[in-house]
Amino acid sequence: MRASPPPFSSGQVFITSIWTALRTEAEDAARTEPGLAPFLREALLKHPDFSTALAQNLGRRLGILENQEAMIRDVCLEALAADPSLAEAAARDMNASHERDPACRSWLQPFLYFKGVAALETQRVGHWLWQRGRTTLAFHLQSLASQLFQVDIHPATILGTGIFLDHATGVVIGETSTVGDDVSILHAVTLGGTGRERGDRHPKIGRGVLISAGAKILGNVTVGEEARIAAGSVVLTDVPPHVTVAGVPARPIRGPTSPHPAEAMEQSFLPLSSVSEHKV
Ligand SMILES: CC(C)(COP(=O)(O)OP(=O)(O)OC[C@H]1O[C@@H](n2cnc3c(N)ncnc32)[C@H](O)[C@@H]1OP(=O)(O)O)[C@@H](O)C(=O)NCCC(=O)NCCS
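Written out as structure tokens, the structure reads:
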């Protein structure tokens, strides 16, 4: 049973509360697993704040392929310093994993290990670069994330916050897609084009949508807020809000779902203010 959420907290308070919890967990883990202490110090404990540690971790994870740890860390630091909303988005993504993933028992897991979180934060830095015309570096980050995390999100894609990529294997999100706040996406999901369209050709996913494993949503279709897409479905037409669709091609199988459809899978969409007190 989760504790009731604390009152609304601002972005910086939210980030600080997660950072404090991360440090506490890392200190505990370094004591109980001394073999991990050097890693935990390097990845987390030696850093002054959440953003610096996040940049270090993205550098560590993405830099491994081409020995580019310092370069990638520095570009992440540059983006995080220039745009404070990136750190808040990362904190909200971590919170989404923490709240909605029944297998998640700590803040360390999403921060250090969950490749869905790493892939999302890589895309957010890539999108920041993309908006500034630094497309080669943005594509470089996309390529590294695709190779390392099996999550391929185009840097132009517009992502909301509080997104949960469960398992985060085989996820493809095309260039002109948009993904709203508080969306949950399971593994092997494609938000792609049909191959027949040019230009604005990818899906627009509303707030709070649950996209189950293996679903393919194709074309410039709109999925209304808090709709559910069943596992293995192929969605080719718009989905109204609060409806569940299934099958190939997907058809409605349910009327209005619960206010928060992902709760049916033991996930929930909590607002920014709702970080459980006992977990932070
Ligand atoms: C979409 C979903 C949540 C619907 O659950 P539900 O509301 O309990 O629906 P039901 O299981 O009662 O099924 C309702 C109808 O839709 C059909 N249906 C359900 N899921 C379907 C699917 N993925 N594809 C095709 N038909 C499906 C059922 O056969 C049933 O049809 P019927 O009325 O003719 O008997 C669930 O089927 C689903 O896909 N969950 C995602 C699971 C997942 O991704 N797991 C991965 C974990 S790693």
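Residue numbers (our numbering): 56 to 335.
Don't be surprised by glycine CBs; every beta carbon is placed ideally from N, CA and C.
Review point. So, do the region 214 to 231 and the region 190 to 198 have three or more beta carbon pairs nearer to each other than 8 Å?
Key: no
Review point. Quick one: Cα of Ala319 to Cα of Gly114, how far?
Key: In this predicted model, Ala319 has a pLDDT of only 49, less than 50, meaning its place in the structure is not dependable enough to derive any value.
Review point. Per DSSP, which one or two residues make a beta bridge with Ser239?
Key: Phe219 and Leu265
Review point. By Cβ distance, which residues of its chain are closer than 8 Å to Val276, with the 5 residues on each side in sequence left out?
Key: Pro258, Lys259, Val290, Leu291, Thr292, Asp293 and Val294
**Study point:** Val172 - DSSP class collapsed to helix/strand/coil
**Key:** helix
Point to revise | Environment of Ala136 [buried if 16+ CB atoms lie within 10 Å] | key: exposed
Check your understanding: Cα separation between Ser59 and Gly250?
Key -> Reliability of the predicted coordinates at Ser59 is poor, the pLDDT of 32 falling under 50, and no value is obtained from them.
**Study point:** Distance CB(Ala144)-CB(Arg179) smaller than 7 Å
**Key:** yes
Check your understanding: Just curious, the beta strand (DSSP E) that His207 is in, first and last residue?
Key -> What sits at residue 207 in the sequence shown is Asp, not His. Note, Asp207: beta strand (DSSP E), Val206 to Ile208.
Review point. Just how far apart, CA to CA, sit Ala174 and Gln186?
Key: 18 Å
Practice item. Would you give the residue range spanned by the beta strand (DSSP E) that Val226 belongs to? Key: Val226 to Ile228
Review point. How about Thr249: is its Cβ closer than 6 Å to a heavy atom in ligand 1?
Key: no
Exercise for review: Please indicate yes or no: does the CB of Ser232 lie closer than 6 Å to some heavy atom of ligand 1?
Suggested key: no
Point to revise | Near ligand 1: Thr299 beta-carbon under 6 Å from a heavy atom | key: yes
Review point. In terms of residue numbering, what span does the alpha helix (DSSP H) encompassing Thr71 cover?
Key: Gly66 to Thr87
Exercise for review: Mind checking which residues open and close the beta strand (DSSP E) that includes Val300?
Suggested key: Thr299 to Ala301
Check your understanding: Using the C-alpha atoms, what's the distance from Ala158 back to Ala98?
Key -> 22 Å
**Study point:** Top-ranked residue by Cα proximity to Trp162, from Val227, Pro103, Ser201 and Ser72
**Key:** Ser72
Practice item. With a threshold of 16 other CB atoms inside 10 Å of the CB of Leu325, please say whether the residue is buried or exposed. Key: Only weak support is given to the placement of Leu325: the predicted model assigns it a pLDDT of 41, under 50, and the value that follows is read from those uncertain coordinates. Buried, because 16 or more other Cβ atoms sit within 10 Å of the Cβ of Leu325.
Practice item. Along the beta strand (DSSP E) that carries Pro307, what are the first and last residues, could you check? Key: Arg306 to Arg309
**Study point:** ligand 1 heavy atom lying under 6 Å from the CB of Ile308
**Key:** yes
Point to revise | Proximal residues to Ile228 (C-beta, below 6 Å), its chain only, five neighbours per side dropped | key: Ile208, Thr212 and Leu246
Review point. Using DSSP with H/G/I as helix, E/B as strand and the rest coil, what is Gly118?
Key: coil
Practice item. Indicate whether Val238 and Val226 have their beta-carbon atoms separated by less than 7 Å. Key: no
Check your understanding: Cα separation between Leu167 and Trp74?
Key -> 13 Å
Practice item. Confirm the yes/no value for this check: CB of Ser267, any heavy atom of ligand 1, distance under 6 Å. Key: yes
Practice item. Whole angstroms is fine: what's the gap from Asp236's alpha carbon to Glu88's? Key: 36 Å
Check your understanding: So, helix, strand or coil for Thr107, using DSSP?
Key -> helix
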